[in-house]
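K.L.:
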Ligand SMILES: Nc1ncnc2c1ncn2[C@@H]1O[C@H](COP(=O)(O)OP(=O)(O)OP(=O)(O)O)[C@@H](O)[C@H]1O
Ligand SMILES: Nc1ncnc2c1ncn2[C@@H]1O[C@H](COP(=O)(O)OP(=O)(O)OP(=O)(O)O)[C@@H](O)[C@H]1O
Ligand SMILES: [Mg+2]
Ligand SMILES: [Mg+2]
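Residue numbers (the working numbering), protein chains in the order written: chain A, 1 to 378; chain B, 1001 to 1286; chain C, 2001 to 2248; chain D, 3001 to 3236; chain E, 4001 to 4325.
1. Short of 8 Å Cβ to Cβ, which residues in the segment 3035-3049 of chain D face chain B?
2. For a minimum of 3 consecutive residues, which ranges assigned as the beta strand (DSSP E) are wholly contained in the segment 2059-2146 of chain C?
3. By the DSSP assignment, the beta strand (DSSP E) with residue 83/A in it spans what residues?
4. Where does residue 66/A fall in DSSP's three states?
5. If we define contact as Cβ-Cβ less than 9 Å, is residue 205/A a contact residue for chain B?
6. In angstroms, rounded to a whole number, what distance separates the CA positions of residue 4021/E and residue 20/A?
7. Between 372/A, 224/A and 162/A, which lies nearest to residue 333/A when the distance is taken from Cα to Cα?
8. Against chain B, with Cβ distances strictly below 9 Å, would residue 3089/D count as a contact?
9. Considering only residues of the segment 190-236 of chain A, which uninterrupted alpha helix (DSSP H) runs meet the minimum length of 4 residues and lie entirely inside it, listed in chain order?
10. Can you name the residues that DSSP bridges to residue 99/A?
11. Between the segment 1234-1259 of chain B and chain A, which residues of the former have CB atoms less than 9 Å from a CB of the latter, in chain order?
12. According to DSSP, what are the bridge partners of residue 3188/D?
13. Shorter than 9 Å from the beta carbon of residue 4235/E to some beta carbon of chain A?
14. Quick one: which residues of the segment 2084-2111 of chain C get their C-beta closer than 8 Å to a C-beta of chain E? List them in chain order.
15. Tell me which residue opens and which closes the alpha helix (DSSP H) that residue 3961/E is part of.
16. Using the C-alpha atoms, what's the distance from residue 3214/D back to residue 3229/D?
17. Along chain D, in chain order, which residues have C-beta atoms closer than 7 Å to that of residue 2145/C?
18. Pick out whichever of 2079/C, 2065/C and 2067/C has its Cα sitting closest to the Cα of residue 2195/C.
19. With H, G and I counted as helix, E and B as strand and the rest as coil, what does DSSP make of residue 3032/D?
20. Relative to the C-alpha of residue 49/A, which candidate in 93/A, 363/A, 75/A and 362/A has its C-alpha closest?
21. Would residue 1023/B count as contacting chain D if we go by Cβ distances under 9 Å?
22. Between residue 1087/B and chain E, is any beta-carbon pair separated by less than 9 Å?
23. Please confirm whether residue 986/B has its beta-carbon closer than 9 Å to some beta-carbon of chain D.
24. I'd like to know whether the C-beta of residue 1208/B is nearer than 9 Å to at least one C-beta of chain D.
25. If you draw a straight line from the alpha carbon of residue 71/A to that of residue 64/A, how long is it in whole angstroms?
26. In the DSSP output, what is residue 1131/B paired with across the bridge?
27. Contact defined as beta carbons within less than 8 Å: I believe residue 131/A pairs with residue 116/A. What is the distance between those atoms, to the nearest angstrom?
28. Within the chosen definition, does the segment 3171-3181 of chain D reach the segment 3189-3202 of chain D through at least 3 CB pairs nearer than 8 Å?
29. Can you tell me whether residue 4156/E is buried or exposed, with buried defined as 16 or more other CB within 10 angstroms of its CB?
30. So that I know if they touch, is there some Cβ in chain B lying closer than 9 Å to that of residue 4039/E?
31. If you check the beta carbons only, do residue 1023/B and residue 1240/B fall under 9 Å apart?
32. Pick helix, strand or coil for residue 334/A, following the three-state DSSP scheme.
33. Give the list of continuous alpha helix (DSSP H) stretches no shorter than 4 residues that lie fully inside the segment 140-171 of chain A.
34. Using the beta-carbon of each residue, which ones in chain E are nearer than 7 Å to residue 1152/B?
35. Is the Cβ-Cβ distance between residue 291/A and residue 255/A less than 9 Å?
36. So which residues of chain E does residue 348/A contact, with C-beta pairs closer than 7 Å?
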């Protein structure tokens, strides 16, 4: 009897439409899977897509409408830390629940943490730590960082540098380059990287800033490989349109197609059958997060917000991307990060894509509760 | 020394692109006194048309020719059926019209082509790097700069040696008088507007392979082009050349010289010029 | 004492020399005319006196103080007011509002954020007085651009007078008026400028000779002659350069 | 009749500037429009040229109706216009100013068939200045250039507005001599001139305007004889 | 006669006020929220129209004031700093006033197209600052804030209650708008009109148009700042959106769609925009395209905007001012 309404707050128009669409596909598939098994606690899941335009005011206005008129209590979303911040504020006021599978800003489970906000995904700290761990494990000495000049780029770089220094004090950071968000011409930056003589380039760039960086680096003869946040993106690879420019570089994510787990194989098969394409990157991330949320609802036995919060805290979910644990102190899931080198031959696409993935376990890259700055009101 | 030369080259390529966009903008402004907000949207459309042509035909050179032609037609239509309609309401309305147009094109592009950045394939010899100054340098960037110079020269030649050019420059001075000399000024306006659009579209085509084709590309270059025409002097072609060059180089060398201010660098330049010479480097004092 | 004294004014426009060493003075309550062929630099001279342009060199003294570099609004507040050769009024406002602008300015009500000029009895009364004086009272609610040309010229004059100046500069106040209108305009100018000094540019010799107490003839940026009307009429150089045979 | 103007009424906004101008011209004639400032002389020329659209009345040029046509169409029919404010193109060189006057080929071949060389013959000073920017010329040179530019279009009818305005007497005389040359070449000229005495030799006919109407028509002798008319409408 | 006239004159305004006061009792909470948002944007749009419609200055940088107001409020009412409600509002308005003044001084010399361009550049600069100075602004993550409760002697007003916040907005925005209307009649307001008509002539009747431009710019800036401050309090969140060119575009669309020729045009525009956005975005993702087309149609066929259309159709928006000839 009844349904559980889950509002998906994503940009479904505008510049980030493509990101929002892919997240939404993941959520929708998760709902299909759940509903096919009879729903959660006997209730079907109803997905309500909401276009946020990545504008916090638009997002909160629409969410308020759902809260007040349609009695929606569960929200999720993955795009735009500012939308995340505004949403977590809003759900706290109305005692609803918001979880994010994509918003990376550490502060959302740090000093801005909220009882009503969960992040079944990684954050900038863990993501950067994982890359630092990988660089350290490979024994690389000469590292340069290039990032977008705004809070995310800076946080990601700072976390990377901090962890790398810890793991390998001998590693040399040859530079931290910051370029404007939405930069046009990367040639001068590439020259700078080349002349630094780095072995590896760390970059948390996303979107066109990543595409252009890779694209313009190749014909200038940059030999060093990139260690990237978001290379695990088929659209980015097609836009670079030059496999040579990406092969050998490193992708890192909480989910990628090449995770060698049985659950993942099952998930990919099911998804491919249902939709006709692969659940690469964002789709997978959203799927796993929603399944995790569903576990919490199942454990709570109902979908009342207070019960779900209680149930989700400390819950473990063993899914396509390994074992995820929702930490009670800051509602940040403790997850492994998967690393993969880009290879030409892959079972998924004609173009280059991620090779076999290996995990950096959650306990190596987690941030202790005391260090997050989260003081959660219970 | 070799480094300096490389950065200089980087600056040139972007300057070339910028010049192709801003020259049309400044020409239209000089003649019709209209700041065309949709100018960069034509640039974006040029890139998208070329992208689609490439998808269907696979021929880059074809796209390079056909896409600007399409924009020429589009520009002519916009001038004839939109801009001319609001002309008598004054510049404010013309400006607002182009602003609205830019907005619509922006949304339309997202609708038709989606929001993903798209890649444009180029002939393989252009995709390589060559060895100059002992470093590998992308051929395509040289190609872009070469084209910009060639087009700039052609334009200067057209403007300063042909009758059409004389008419265009005369119409910048006093278009009623040109009309009284038996020249169909509305047609000239339409031609110049369309030409500006085509030029911008051409720039879009060659920018595509370098910067990818995406819905934000209009906005990113628009601000730079505005700065170019303010710095160079509104309506001055020579000013556009110089200002494009300065801004191209500034963005290139700025990366090493003032890494902290890379965002605000061109605004600071603009502010400086406005304080020292409000009418721009080549502009005429009113 | 001279209310206006200009000394050795030069003015260049991008290399084009328009004024070459103009010196003259206007006495308190004097009506002084400047004549000369088109392009002689008359309007330019007015622009320098009123502060629209800065001279390339030379000084402008007003009421004993140097005002060469003072901005226009300051000159106006000290009692120097001008009209324009090309009608220059607030086209889309009513005649009343046009004149009220000057009246408010004179009363120091320029940027007041609380007081409403339209509700101020004395300002409105003063505005109506001026409108009556120039014969525009019936048209006070008409938009300026809807006035006939002659009336616009009258409005131009009204605005000029609205700040109660001590020296007015009138640039061709009767240009474009019919003979009859011109006669009226002459009477009006004579009447309203009784209390003040007045400098006039005119091409219409009728106007010049019936109004001016002193005349300066400008030619190619220089003062060809300056003196009383009778003398000017007889001056051979002036005849050659400007009046032609007309004068005789 | 090469030009017939019938009951022409023009307005600037609400002010009724031309109030029924009527006259006609024979080919090869020079007609002078006289009158005080602001009576509508320039407006008459502009109304013929299409720069001001008359609200009522007709202009027939070589039998063709001009009203309603755009200036460029009128120019292409063979009417040349020399404005009173000179309006040369300041950023163009003298040569370019002349070239722009060369119209698209038209059906009726103009009379003089002026070429750049011919123009330079008539105005040697312009030949000297051919590479100078128009804006740098002196007032007199600019005036000559304006006339020359219009001649390049080989007009059958020349409308000239105050060609000697603001020119030093010597320069003015030069311009008038040149207009005489043009007349000799067979070009019909409608000229506005304040200084009618200077134009006595040139003009075949003199029309005096007042308040938007033509109030007197006559040749030089008649004008000289009509003392009262001159006193009323022209003199001080 | 006179009594009757003035009674009639007050009839519609009184009805409007009565309706606005009664709204919380009538409307569902979400609808009330929309009205509240429309009220805030009305203030923003009216301030924009004082520049565009009254002074004839096309600015592409109005969002910088809105943003500064919003961010200042975000800081004052955010974590740590616990300013009282009206304190935060007033201080934010004051800060924007200063910013408006400073920018105004720099823009004194330019007008027309260069003015439009420079305001655009300034907006971009402020946006860049907001991104870069993330310690203060939270950068891309934005700022969380809490609506401070209001002390009223014995008890505290809970500003989080929809109707309470609505009444506060109604009161403050209403009074401010009333003053704006009054402003257009003051000598300064008249000066603005005169300045648009003929700045040169105005100087020759003794006005220092630099001063009047500066006052106007500062004034409209502070109004926009106040609107921004309310916006921040309303959403309890400030993001880069508030200071982006997008926000300028929003207010430009609102103002122009509503009509620049009438004082209430922008108010109408803000309401229509908010409702259309709410309504259309539920129907289609392409709603910005529809807005753009609407905008172009208005530029082409109804330069007076919606209020112009209504005016000519019904005579309702009787011309109360001669802002547009
Ligand atoms: N702003 C300017 N820039 C360049 N030249 C100018 C400017 N203003 C005037 N001139 C030139 O200066 C000369 C004198 O102009 P001015 O307007 O003073 O003449 P005037 O004596 O008032 O003539 P008129 O009787 O025709 O009004 C003219 O040749 C004119 O072209
Ligand atoms: N663009 C305009 N707008 C409004 N009124 C104008 C305009 N041009 C001219 N006028 C007015 O129309 C009337 C006739 O002007 P016109 O230029 O035809 O006179 P004119 O006889 O040529 O005088 P002038 O000897 O001064 O050249 C004058 O009163 C003039 O002020
Ligand atoms: Mg003059
Ligand atoms: Mg004339």
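Where a beta carbon is used, it is the ideal one built from N, C-alpha and C, also for glycine.
P.N.:
Reading from the atomic positions:
1. Those residues of the segment 3035-3049 of chain D that come within reach of chain B (Cβ to Cβ, closer than 8 Å) are 3049.
2. Within the segment 2059-2146 of chain C, the complete beta strand (DSSP E) runs of at least 3 residues are 2080-2082.
3. Taken as a continuous stretch (DSSP letters only), residue 83/A belongs to no beta strand (DSSP E), being part of the alpha helix (DSSP H) at 81-94.
4. Helix at residue 66/A.
5. False, the Cβ-Cβ gap to chain B never drops below 9 Å.
6. Distance from the CA atom of residue 4021/E to the CA atom of residue 20/A, rounded to whole angstroms, is 40 Å.
7. Per the Cα distances, 372/A.
8. By this cut-off, residue 3089/D is an interface position.
9. If we require 4 residues or more, the alpha helix (DSSP H) runs fully inside the segment 190-236 of chain A come out as 208-217.
10. DSSP lists 76/A and 118/A as partners of residue 99/A.
11. Hits within the stretch, in order: 1248, 1251, 1252, 1253, 1254, 1255, 1256 and 1259.
12. 3157/D, per the DSSP bridge assignment.
13. Yes, because at least one Cβ of chain A sits closer than 9 Å to the Cβ of residue 4235/E.
14. Residues 2084, 2088, 2089, 2090, 2091, 2092, 2093, 2094, 2097, 2100, 2101, 2102, 2104, 2105, 2106, 2109, 2110 and 2111.
15. Absent from the structure is residue 3961/E, since the part of chain E shown begins at 4001 and ends at 4325.
16. If you take the alpha carbons of residue 3229/D and residue 3214/D, they lie about 12 Å apart.
17. Residues of chain D with a Cβ closer than 7 Å to the Cβ of residue 2145/C are, in chain order, 3013.
18. Taking only the C-alpha atoms, the option nearest residue 2195/C is 2079/C.
19. Strand at residue 3032/D.
20. The residue from 93/A, 363/A, 75/A and 362/A with its alpha-carbon nearest to that of residue 49/A is 75/A.
21. No, because no Cβ of chain D sits closer than 9 Å to the Cβ of residue 1023/B.
22. No, residue 1087/B lies away from the interface with chain E (no Cβ there is under 9 Å from its Cβ).
23. Absent from the model: residue 986/B. The displayed extent of chain B is 1001 to 1286, so no value can be given.
24. For residue 1208/B, the nearest beta carbon of chain D is not closer than 9 Å to its own beta carbon.
25. In a straight line, the C-alpha of residue 71/A is about 10 Å away from that of residue 64/A.
26. BP columns for residue 1131/B point to 1136/B.
27. Residue 116/A and residue 131/A do not touch by the CB rule: their CB atoms are close to 30 Å apart, not below 8 Å.
28. Contact annotation: the segment 3171-3181 of chain D touches the segment 3189-3202 of chain D, with at least three C-beta pairs closer than 8 Å.
29. Burial is judged here by how many other beta carbons sit within 10 angstroms of a residue's own beta carbon; residue 4156/E has fewer than 16 and is exposed.
30. Residue 4039/E does not count as touching chain B.
31. Yes.
32. If DSSP states are grouped into helix, strand and coil, residue 334/A belongs with the strands.
33. Runs of the alpha helix (DSSP H) inside the segment 140-171 of chain A: 151-167.
34. Using a Cβ-Cβ cut-off of 7 Å, residue 1152/B is close to nothing in chain E; its nearest Cβ partner there is about 23 Å away.
35. The answer is no: Cβ separation not under 9 Å.
36. Result: empty, since nearest Cβ-Cβ is about 29 Å, beyond 7 Å.
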